[in-house]
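Chemist: From first to last, the protein sequence lines are chains R and D. If you count the first sequence from 1, position 127 lands on 127 in the numbering used here, and the numbers rise without skipping. If you count the second sequence from 1, position 241 lands on 241 in the numbering used here, and the numbers rise without skipping. Pasting a structure below so you can have a look.
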Amino acid sequence: MNSLTVTNVSVAFGGVDALSDVSVVVDAGQIVGIIGPNGAGKTTLLNVICGVNRPDRGDVALHGTVITGWKPSRIAGLGLGRTFQTSQLFLGMTVLENLMTGLHLRGRTGLVAAALRTPSMKREEAETRERALAALDFVGMRAFADRSGTALSFGQQRVVEIARTLIGDPKVVLLDEPAVGLSVPRVAELDTLLRRIRDERGVTLVMIEHVIRLVMGVSDRVIVMNSGHKIAEGRPDDIRRNPDVVEAYLGRQGDARRPAP
Amino acid sequence: MRVVVSHRAFLVVLFAALAVLPVVANQYTLFVGNLMMLYIILALGLNLLVGFAGQLAFANAAMYGIGAYGAALLQVRLGLSYWIAAPCGALLAMAIGTLLAFPALRLSGIYLALATLAFAQFTQWVLLHWNTVTFGAGGFPVPQPDFSALGMSPDRGIYYVTWVVTVVLLAFAWRVVRSRVGRAFVAMRDREMAAQALGVDLLRYKAVAFALSGFYAGTAGALYPAVLAYVSPEGFDLFQMILHKAMIVVGGMGSIVGSVIGASLLVYLLELLRQFKATQEIVFGALLLAFVLFQPRGLVYFVKRYVPGWAEPLHYASDSGSSSDVTVADEVVTGSGGGAPR
Chain R
1 MNSLTVTNVS
11 VAFGGVDALS
21 DVSVVVDAGQ
31 IVGIIGPNGA
41 GKTTLLNVIC
51 GVNRPDRGDV
61 ALHGTVITGW
71 KPSRIAGLGL
81 GRTFQTSQLF
91 LGMTVLENLM
101 TGLHLRGRTG
111 LVAAALRTPS
121 MKREEAETRE
131 RALAALDFVG
141 MRAFADRSGT
151 ALSFGQQRVV
161 EIARTLIGDP
171 KVVLLDEPAV
181 GLSVPRVAEL
191 DTLLRRIRDE
201 RGVTLVMIEH
211 VIRLVMGVSD
221 RVIVMNSGHK
231 IAEGRPDDIR
241 RNPDVVEAYL
251 GRQGDARRPA
261 P
Chain D
1 MRVVVSHRAF
11 LVVLFAALAV
21 LPVVANQYTL
31 FVGNLMMLYI
41 ILALGLNLLV
51 GFAGQLAFAN
61 AAMYGIGAYG
71 AALLQVRLGL
81 SYWIAAPCGA
91 LLAMAIGTLL
101 AFPALRLSGI
111 YLALATLAFA
121 QFTQWVLLHW
131 NTVTFGAGGF
141 PVPQPDFSAL
151 GMSPDRGIYY
161 VTWVVTVVLL
171 AFAWRVVRSR
181 VGRAFVAMRD
191 REMAAQALGV
201 DLLRYKAVAF
211 ALSGFYAGTA
221 GALYPAVLAY
231 VSPEGFDLFQ
241 MILHKAMIVV
251 GGMGSIVGSV
261 IGASLLVYLL
271 ELLRQFKATQ
281 EIVFGALLLA
291 FVLFQPRGLV
301 YFVKRYVPGW
311 AEPLHYASDS
321 GSSSDVTVAD
331 EVVTGSGGGA
341 PR
């Protein structure tokens, strides 16, 4: 079943083509890895999907609903989650409050209910807290609930961000370089966490990643991008052997600068 | 001996003291107490917008003026009762405040500050030069509402009205920041992109923040003509804006009790310096600068640190934090990352 489809999308920034005619189909319940050199258009592709950038041409559909041109908050409401390359924790809040903010779309409390502390508002607040604690349990971070975001290590911030995205039960989550800056043992933990998210929660994951060992290990399918084009797509083993991919990363074989061994 | 003072106890004592003030105080002290409460309302509203929602707007004094002129002109020009004119003034400020959310959707930081400052100066210009409506630079007297039915003088009567309004607005702000709406504000302030990705509608929450702040400033403004019996443009000029800003910075951005502390303290200082009018601006400018540079988290940060029992959850912006908050490296922390923390 198609969960996410990107059809012939092109984006240009001031005459530079960031994406040229890119099409992607993501099946539900898969982990799809996106790799490619810097400037290949990977992050732009995620930004187009989640509504931060508007495509010049082409369409994006989530579960069959065309979402091209929608506001990011509205797309989030349709079940799309997103994490970022740099830490995007709300540092003025505790870890628990960060998680509770992840349930924003599930809540109904407005100014009036907040002011009157209506019974339904109190119930909603208590439920939100419970779910936030449960989500922290899922990633093994419950002990950090009342800490400030600033008191966490880089890897911990990353995990809290993933939990904050998952808590709203998105069907598709876009991850932008989740392993960046992580040490080798932390990458191994991330590998396990991503598989659990797919298998235990049935979430479809689309992940940009430069740590090749992680992408090739967890991805069901890998998409390779270069200079705004999709140059290859397939199972990790096929991608490894694809001559176009090898060329994009290493240069052409027989190239003078890279003499064959 | 260490003093245990909870933030709640502090507020209860302060407002209990303000409630009995009319019994013991002379005319002047009563006026200062009333002024203090007006500034508490102004600081609360500005802190919701700047300290919590992170919108660096400089139009608070203008909203204050719109509330005051709205309430006063509806009485003087149209002969409306104060009890109808005052809510209208507050709602007018709220409506105009809400419109400022639209530029705020495109502008942030210093650009939003400049745009809102321009708006504030424009308002000031209108108050000064639209003589046929606003009476121009000299201002005009406004009759105080009558409290003789309750056997109270106008000064004392309006003092109690201000007290009730301040307590209600304080409780309201307290509850809002600890709710889903408050979390959306802080999320928007700290990471706009991530807030959007979690479904926080930026236009909506910026509009809510500007509306709330406009309503608070407009309410303080609507009380102003009843307290002072006179309205003139200089009551809402740039110095006022610096004063409001200094109150929340000195008290504590992202703190409700900090707004109360900052407003109370600075009104007291303002009165101490009343004989030396020329020094007021220098002192407040210097105070604002000193706190921005050396203690951007405000007094409430110290209070929370050194007074046991003070438990208000603080939501200061991370970039105003001290350097000791630099993210620790992964390897330094044991049991970090995705692993279970024991």
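Just so it is clear, CB atoms sit at the ideal spot from N, CA and C, and this is done for glycine as well.
(1) Output, in chain order, the set of chain R residues within a Cβ distance shorter than 8 angstroms of HIS315(D).
(2) According to the Cβ coordinates, are ALA86(D) and ALA226(D) closer than 9 angstroms?
(3) Distance, Cα to Cα, ILE282(D) vs THR162(D)?
(4) Along chain R, which residues have their Cβ under 7 angstroms away from the Cβ of ARG191(D)?
(5) I'd like the ranges of any alpha helix (DSSP H) spanning at least 4 consecutive residues and lying wholly in the region 63-104 of chain R.
(6) So, GLY81(R) versus GLY168(R), is the Cβ gap smaller than 9 angstroms?
(7) Tell me which residue opens and which closes the beta strand (DSSP E) that PHE13(R) is part of.
(8) Whole angstroms are fine: how far does the CA of ALA25(D) sit from the CA of LEU11(D)?
(9) Listing by chain order, which chain R residues have their CB less than 8 angstroms from the CB of VAL200(D)?
(10) Tell me the rounded alpha-carbon separation between GLU234(R) and ALA151(R).
(11) At the 9 angstroms Cβ level, is LEU111(R) part of the contact set with chain D, yes or no?
(12) Tell me, please, whether the CB atom of LEU114(D) is closer than 9 angstroms to any CB atom in chain R?
(13) Check whether chain R comes within 9 angstroms of GLN275(D), counting only Cβ atoms and requiring the distance to be less than that.
(14) Quick one: what's ASP17(R) bridged to in DSSP?
(15) Which residues in chain D sit within 7 angstroms of GLU97(R), going by Cβ to Cβ distance?
(16) Using a Cβ cut-off of 7 angstroms, which residues of the region 252-273 of chain D contact any Cβ in chain R, in chain order?
(17) Within 8 angstroms, do at least three Cβ pairs link the region 238-255 of chain D to the region 109-116 of chain R?
(18) Counting only Cβ-Cβ distances shorter than 8 angstroms, please list the residues of the region 138-155 of chain D near chain R, keeping chain order.
(19) Considering only the beta carbon of each residue, do TYR64(D) and TYR224(D) sit closer than 9 angstroms?
(20) When we look at the beta-carbon of SER108(D) and count the other beta-carbons within 10 Å, is it buried (16 or more) or exposed?
(21) Quick one: any contact between the region 66-73 of chain D and the region 90-100 of chain D, if contact means 3 or more CB pairs under 8 angstroms?
(22) Please return the same chain residues whose Cβ sits closer than 7 angstroms to the Cβ of GLY202(R), not counting the five positions on each side in sequence.
(23) Any idea if ALA211(D) is buried or exposed, counting beta-carbon neighbours within 10 angstroms, 16 or more meaning buried?
(24) Verify whether the separation of the beta carbon atoms of ARG84(R) and ALA194(D) is less than 9 angstroms.
(25) Count the C-beta pairs between the region 158-165 of chain R and the region 125-143 of chain R that are closer than 8 angstroms, then say yes if the count reaches three, no if not.
(26) Note down the Cα distance separating ASN60(D) from PHE185(D), rounded to an integer number of angstroms.
(27) Can you tell me the Cβ-Cβ gap for ALA43(D) and SER213(D), rounded? I've got them flagged as a contact below 8 angstroms.
(28) Comparing alpha-carbon positions, which option in PHE294(D), ILE158(D) and ILE242(D) lies nearest LEU270(D)?
(29) What's the gap between the Cα of VAL330(R) and the Cα of VAL245(R)?
(30) Apart from the five residues just before and just after GLU209(R), which ones in its own chain have a Cβ nearer than 8 angstroms to its Cβ?
(31) Quick check on THR84(D): buried or exposed, where buried means 16 or more other Cβ atoms within 10 Å of its Cβ?
(32) Using a Cβ-Cβ cutoff of less than 7 angstroms, which residues in the same chain neighbour ALA76(R) once the five nearest sequence positions on both sides are dropped?
(33) Short check: CB of MET36(D) to CB of VAL231(D), under 9 angstroms?
(34) Smallest Cα separation from LEU228(D): which of ASP155(D), VAL300(D) and ALA217(D)?
(35) Taking DSSP's pairing of strands, which residues face PRO141(D) in a bridge?
(36) Contact criterion: CB-CB distance below 9 angstroms. Does PHE172(D) meet it with respect to chain R?
Modeler: Quick look at the numbers:
(1) Your numbering for residue 315(D) matches position 315 in the second sequence. By Cβ distance, chain R contributes GLY92 and MET93.
(2) Start at 1 with the first residue of the second sequence, and residue 86(D) comes out as number 86. Start at 1 with the first residue of the second sequence, and residue 226(D) comes out as number 226. Yes, the Cβ-Cβ distance between ALA86(D) and ALA226(D) is below 9 angstroms.
(3) Residue 282(D) sits at position 282 when you count from the first residue of the second sequence. Residue 162(D) sits at position 162 when you count from the first residue of the second sequence. Computed Cα separation, rounded: 30 angstroms.
(4) Sequence index remark: in the second sequence, residue 191(D) carries index 191 (1-based). GLN88 and PHE90, listed in chain order.
(5) 72-77 and 95-101
(6) Position 81 of the first sequence, counted from the start, is the residue given in the question as residue 81(R). Position 168 of the first sequence, counted from the start, is the residue given in the question as residue 168(R). In this structure, GLY168(R) lies closer than 9 angstroms to GLY81(R) by Cβ.
(7) Start at 1 with the first residue of the first sequence, and residue 13(R) comes out as number 13. Run containing PHE13(R): 2-13, per the beta strand (DSSP E) assignment.
(8) Your numbering for residue 11(D) matches position 11 in the second sequence. Your numbering for residue 25(D) matches position 25 in the second sequence. Taking the straight line joining both Cα atoms gives about 20 angstroms.
(9) The residue you call residue 200(D) lines up with position 200 of the second sequence. Result: SER73, THR101 and HIS104.
(10) The sequence position of residue 234(R) within the first sequence is 234, counting from 1. The sequence position of residue 151(R) within the first sequence is 151, counting from 1. With the sequence shown as reference, residue 234(R) is identified as Gly, and Glu is not the correct amino acid for it. If I take the Cα positions, the gap works out to 41 angstroms.
(11) Residue 111(R) sits at position 111 when you count from the first residue of the first sequence. Cβ-Cβ to chain D under 9 angstroms: yes for LEU111(R).
(12) By 1-based counting over the second sequence, the position of residue 114(D) is 114. Answer no: the Cβ-Cβ gap between LEU114(D) and chain R never drops below 9 angstroms.
(13) Position 275 of the second sequence, counted from the first residue, corresponds to residue 275(D). No, GLN275(D) does not count as interfacial toward chain R.
(14) Counted from its first residue, the first sequence places residue 17(R) at position 17. According to DSSP, ASP17(R) bridges with ALA12(R).
(15) If you number the first sequence from 1, residue 97(R) lands on position 97. Result: ARG183.
(16) GLY254
(17) no
(18) none
(19) On the second sequence, position 64 is the one that residue 64(D) refers to. On the second sequence, position 224 is the one that residue 224(D) refers to. Contact: yes.
(20) As a first step, residue 108(D) must be located in the second sequence, where it is residue number 108. That one is exposed.
(21) yes
(22) Within the first sequence, residue 202(R) is the residue found at index 202, counting from 1. Once the five neighbours on either side are set aside, the close Cβ partners of GLY202(R) are GLY29.
(23) Translated into positions along the second sequence, residue 211(D) becomes position 211. When all chains shown are included, ALA211(D) counts as buried.
(24) Start at 1 with the first residue of the first sequence, and residue 84(R) comes out as number 84. Start at 1 with the first residue of the second sequence, and residue 194(D) comes out as number 194. It should be noted that the sequence gives Phe, not Arg, for residue 84(R). Cβ atoms of PHE84(R) and ALA194(D): closer than 9 angstroms.
(25) yes
(26) Translated into the one-based positions of the second sequence, residue 60(D) becomes position 60. Translated into the one-based positions of the second sequence, residue 185(D) becomes position 185. So the two alpha carbons sit approximately 18 angstroms from each other.
(27) Working through the second sequence from its first residue, we reach residue 43(D) at position 43. Working through the second sequence from its first residue, we reach residue 213(D) at position 213. The Cβ separation is near 11 angstroms, so there is no contact.
(28) Against the second sequence, residue 270(D) aligns to sequence position 270. That would be ILE242(D), whose Cα lies nearest to the Cα of LEU270(D).
(29) Since the first residue shown for chain R is 1 and the last is 261, residue 330(R) is missing from the structure and cannot be characterised.
(30) Counting from one through the first sequence, the residue named residue 209(R) turns up at place 209. Correct list, in chain order: GLY33, ILE34, ILE35, LEU175, GLU177, PRO178, ALA179 and VAL215.
(31) Your numbering for residue 84(D) matches position 84 in the second sequence. The sequence as given places Ile at residue 84(D); Thr does not occur at that position. Label assigned to ILE84(D): exposed.
(32) In the first sequence, counting from the first residue as 1, residue 76(R) sits at position 76. The answer, listed in chain order, is LEU105.
(33) Working through the second sequence from its first residue, we reach residue 36(D) at position 36. Working through the second sequence from its first residue, we reach residue 231(D) at position 231. Contact: no.
(34) Translated into the one-based positions of the second sequence, residue 228(D) becomes position 228. Per the Cα distances, ASP155(D).
(35) By 1-based counting over the second sequence, the position of residue 141(D) is 141. DSSP lists TYR230(D) as partners of PRO141(D).
(36) Your numbering for residue 172(D) matches position 172 in the second sequence. At least one chain R Cβ lies under 9 angstroms of PHE172(D).
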